[in-house]
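Quick notes on the structure that follows.
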């Protein structure tokens, strides 16, 4: 590359270096960049897609939702994100919980929230209506109250989109809000309704 | 006669230094016959394909967060740009090249390469080693490889687009820093929006400002520094007309960038979640700055040789003094010596102006290829004017 000069727009590439009108002396850097791009943007994600998740919830598992809240998952769900209470890590905050089974996703995302659970649900609905408008997201039932077995009170609503149905629930405890969402194909979701209900109902204060 | 021969030799050395260093060479971005140009466009357009929909679809929801992110990122970038401008003391990087570096670092490297690569690698770690292990180590064992290679190839494309302008280790440090700064600023904007989303869209400005404060405090050990080291290492490994290949030194610099990035991202895991995390971060920062200083000194040697060759004939023709030449082609000590030993009753302030004017003369000489153009003559006249007007 050291002998390469910077050609102007009307510069003609010397014939011995010309390939399809391009200067082949510029190929080594261009191809290296292209290879690295294809590696990280396509090859590694394809490998990731090909490797299955093998971590399934077992009887007795308890997941850490936040440092103060836990969840008892139904048995046999795949753990794509989330820590068990028996896991030891250096970080203080656990990652969001994401469980899957037969195309149904169950996700809990915590965040700071100073309002009520109903206000949080309204905010989540506003955000989702905007971000998922293209998928035809719309709420199919009004907000209903639920109470977990530990006595925590939240609100939930159901929704539908073009290819999916789901439940969004909100729960607030001492300035900490939880966005709980279960989503899946209309044919699959009803079969897991009781599991989802159990898991939402199992959310409890740590040590309860 | 010997003086005449010496003057000819000096002029030949000047011409050789200008040709070898590439100083004064212009940068042209649009090069349809250069394959690097098309790959550059591919990466930036692909990055925009992710960036634009992401921000447009949530523009109304996160307007406050986006505005705060843009303002804080611009403030962070302005400080760093000033620092880079000051550091770029030999031959100023063309503005268009700096902009091209900032854009591909910010849009191409971040959104086209690093975002999908990071996500896939972190997912693979969780699948292979479990959630707890991944929680601690996935960032530190992903970001250095994905992000440094993403920014590294952005720098390679710029080398392919500007093979005459980017020739020295110092060029690698500066242009690499621009690539890294772009990455940092655009990544911060994304983090700002994520931060607002993590608060369910409430207290958006406060969420972004908290993220910005943390990133600004820890900004010294940032992508600009990592990429400066990595790109300087690439120049050594590849070798150019101005910098003979020194693979060992280059690989060490690239490895240093990876290690600093990795340790920084793994600080919490390495500390075991204790307060030692702060010690690790401070030690990493000190180490990073030390390596940067070493790289600047290593790179500066070649630049000094070029500057000396470019300006030496001006001493022979008495346009500048030997001490002033030493100041321009030397280090801070030489510059202080020039200010201290100024002659002809010049004030310290006037001598500073003269040194700056000599820098302008060097720029004009490089742009003219060493010939006496009107710009060169004007710069010489300016130096003479500064000496006489007290």
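Chains as they are written, first to last, in my numbering: chain C, 63 to 270; chain F, 16 to 405.
We put the beta carbon where it would ideally sit given N, CA and C, even for glycine.
Report the CB separation of residue i from residue j in whole angstroms; it is logged as a contact under 8 Å.
i: residue 395 of chain F; j: residue 334 of chain F; result: 5 Å
i: residue 186 of chain C; j: residue 230 of chain C; result: 6 Å
i: residue 234 of chain C; j: residue 178 of chain C; result: 6 Å
i: residue 135 of chain F; j: residue 157 of chain C; result: In fact, because the Cβ distance is near 17 Å, the residues do not count as touching under 8 Å.
i: residue 103 of chain C; j: residue 290 of chain F; result: Between residue 290 of chain F and residue 103 of chain C the Cβ distance is about 39 Å, and since that is not below 8 Å, they are no contact.
i: residue 217 of chain C; j: residue 194 of chain C; result: Incorrect: roughly 19 Å between the Cβ atoms, too far for contact.
i: residue 352 of chain F; j: residue 366 of chain F; result: Their Cβ separation, rounded to whole angstroms, is 11 Å, which puts residue 352 of chain F and residue 366 of chain F out of contact at 8 Å.
Could you spell out where the beta strand (DSSP E) holding residue i opens and where it closes?
i: residue 170 of chain C; result: 166–174
i: residue 259 of chain C; result: Looking at the DSSP string, residue 259 of chain C is not in any beta strand (DSSP E); the run it does join, the alpha helix (DSSP H), is 255–263.
i: residue 245 of chain F; result: Looking at the DSSP string, residue 245 of chain F is not in any beta strand (DSSP E); the run it does join, the alpha helix (DSSP H), is 238–253.
i: residue 221 of chain C; result: 215–222
i: residue 219 of chain F; result: That residue, residue 219 of chain F, is in no beta strand (DSSP E); its alpha helix (DSSP H) goes 219–232.
i: residue 206 of chain C; result: 206–209
i: residue 234 of chain C; result: 227–235
i: residue 241 of chain C; result: 238–246
i: residue 159 of chain C; result: 159–163
i: residue 133 of chain C; result: 131–133
i: residue 142 of chain C; result: 140–143
Is the Cβ of residue i closer than 8 Å to any Cβ of chain B?
i: residue 139 of chain C; result: Structure shown: chain B not included; protein chains present are C and F.
Leaving out five residues before and five after residue i in sequence, what residues of the same chain have Cβ atoms less than 6 Å from its Cβ?
i: residue 71 of chain C; result: Bear in mind that a pLDDT of 49 at residue 71 of chain C, under 50, signals an unreliable position, so the number given afterwards is only what the model happens to contain. Once the five neighbours on either side are set aside, residue 71 of chain C has no close Cβ partner at all.
i: residue 29 of chain F; result: 324, 325, 328, 385
i: residue 281 of chain F; result: 155
i: residue 64 of chain C; result: Caution applies to residue 64 of chain C, whose pLDDT of 40 falls short of 50 and renders its modelled position unreliable; the value that the coordinates give is listed next. Result list for residue 64 of chain C: empty, nothing under 6 Å.
i: residue 181 of chain F; result: 174, 190
i: residue 204 of chain F; result: 84, 88
i: residue 109 of chain F; result: 42
i: residue 169 of chain C; result: 160, 243
i: residue 206 of chain F; result: 226
i: residue 397 of chain F; result: 372
By alpha-carbon positions, which one of the options ends up nearest to residue i?
i: residue 145 of chain C; options: F:308, F:148, F:216, F:138; result: F:148
i: residue 265 of chain F; options: F:329, F:284, F:65, F:242; result: F:242
i: residue 228 of chain C; options: C:101, C:266, C:182, C:197; result: C:197
i: residue 122 of chain F; options: F:226, F:195, F:310, F:210; result: F:195
i: residue 277 of chain F; options: F:106, F:113, F:151; result: F:151
i: residue 181 of chain C; options: C:207, C:130, C:134, C:135; result: C:207
i: residue 138 of chain F; options: C:117, C:263, C:88; result: C:117
i: residue 116 of chain F; options: F:96, F:190, F:100, F:364; result: F:190
i: residue 238 of chain C; options: C:226, C:173, C:213; result: C:173
i: residue 90 of chain F; options: F:231, F:239, F:357, F:340; result: F:231
i: residue 377 of chain F; options: F:362, F:354, F:306, F:339; result: F:339
i: residue 251 of chain F; options: F:206, F:270, F:49, F:237; result: F:270
i: residue 381 of chain F; options: F:302, F:52, F:107; result: F:107
i: residue 198 of chain F; options: F:304, F:184, F:240; result: F:240
i: residue 191 of chain C; options: C:161, C:112, C:140, C:220; result: C:220
i: residue 164 of chain F; options: F:178, F:120, F:229, F:181; result: F:120
i: residue 118 of chain F; options: F:66, F:393, F:140; result: F:66
i: residue 79 of chain C; options: F:310, F:401, F:48, F:314; result: F:48
i: residue 86 of chain C; options: C:75, C:95, C:94; result: C:75
i: residue 144 of chain F; options: C:141, C:166, C:176; result: C:141
i: residue 139 of chain C; options: C:151, C:149, C:167, C:131; result: C:167
i: residue 275 of chain C; options: C:136, C:246, C:211, C:210; result: What the structure shows of chain C is the stretch from 63 to 270, and residue 275 of chain C is not part of that stretch, so it cannot be assessed.
i: residue 52 of chain F; options: F:97, F:176, F:311; result: F:176
i: residue 251 of chain C; options: C:100, C:223, C:264, C:165; result: C:165
i: residue 368 of chain F; options: F:224, F:92, F:350; result: F:350
Can you list, in chain order, the residues of its chain with a C-beta nearer than 7 Å to that of residue i? Leave out the 5 residues immediately preceding and following it.
i: residue 253 of chain C; result: none
i: residue 469 of chain F; result: There is no way to answer for residue 469 of chain F, as the model of chain F reaches only from 16 to 405.
i: residue 113 of chain F; result: 193
i: residue 201 of chain C; result: 187, 219, 221
i: residue 256 of chain F; result: 35, 182
i: residue 23 of chain F; result: none
Is residue i near the ligand ZN, with its Cβ less than 7 Å from a heavy atom?
i: residue 243 of chain C; result: Although the ligand ZN was asked about, the structure shown includes no ligands whatsoever.
Looking only at its chain, what residues have a beta carbon closer than 8 Å to the beta carbon of residue i, apart from the 5 residues adjacent to it on each side?
i: residue 16 of chain F; result: Residue confidence for residue 16 of chain F is low, a pLDDT of 43 falling below 50, so the modelled location carries little weight and cannot support an answer.
i: residue 400 of chain F; result: none
Give the range of the alpha helix (DSSP H) segment to which residue i is assigned.
i: residue 56 of chain F; result: 50–72
i: residue 195 of chain C; result: No alpha helix (DSSP H) contains residue 195 of chain C, which DSSP labels as neither H nor E.
i: residue 86 of chain F; result: 78–102
Inset, instruction - Could you list the residues in the region 242–272 of chain F with a C-beta less than 8 Å from some C-beta on chain C, going in chain order? - result: 253, 254, 255, 256
Inset, instruction - Please list the residues of the region 206–218 of chain F that have a C-beta atom closer than 9 Å to any C-beta atom in chain C, keeping them in chain order. - result: 212, 213, 214, 215, 216, 217, 218
Inset, instruction - Please name the residues in the region 144–176 of chain F whose beta-carbon is closer than 8 Å to at least one beta-carbon of chain C, in chain order. - result: 145, 146, 147, 150, 151, 161, 164, 165, 167, 168, 169, 171, 172, 174, 175, 176
Legend entry - Interface residues of the region 165–189 of chain C facing chain F [CB-CB below 9 Å]: Of all residues in the region 165–189 of chain C, 171, 172, 173, 174, 175, 176, 177, 182, 185, 186, 188, 189 have a Cβ within less than 9 Å of some Cβ in chain F.
Inset, instruction - Check each residue of the region 114–128 of chain F: if its Cβ is closer than 8 Å to any Cβ of chain C, include it; give the result in chain order. - result: 127, 128
Inset, instruction - With 9 Å as the limit, tell me which residues of the region 109–143 of chain C have their beta carbon closer than that to any beta carbon of chain F; keep them in chain order. - result: 109, 110, 111, 113, 114, 115, 116, 117, 141, 142, 143
Legend entry - Proximal residues, the region 41–60 of chain F versus chain C, C-beta separation under 9 Å: 41, 42, 43, 45, 46, 47, 48, 49, 50, 51, 52, 53, 54, 55, 57, 58
Inset, instruction - For the region 150–163 of chain C, enumerate the residues whose C-beta is nearer than 8 Å to any C-beta of chain F, in chain order. - result: 150, 151, 152, 153, 154, 156, 157
Inset, instruction - May I ask you to list, following chain order, the residues of the region 278–292 of chain F that have a beta carbon less than 7 Å from some beta carbon of chain C? - result: 283, 284, 286, 287, 288
Legend entry - Members of the region 184–218 of chain C near chain F, C-beta cut-off 7 Å: The region 184–218 of chain C vs chain F, Cβ under 7 Å: 185, 186, 189, 192, 193.
Inset, instruction - Taking only beta carbons into account, state which residues of the region 88–118 of chain F come closer than 9 Å to chain C, listed in chain order. - result: Under the 9 Å Cβ criterion, the region 88–118 of chain F contributes no residue.
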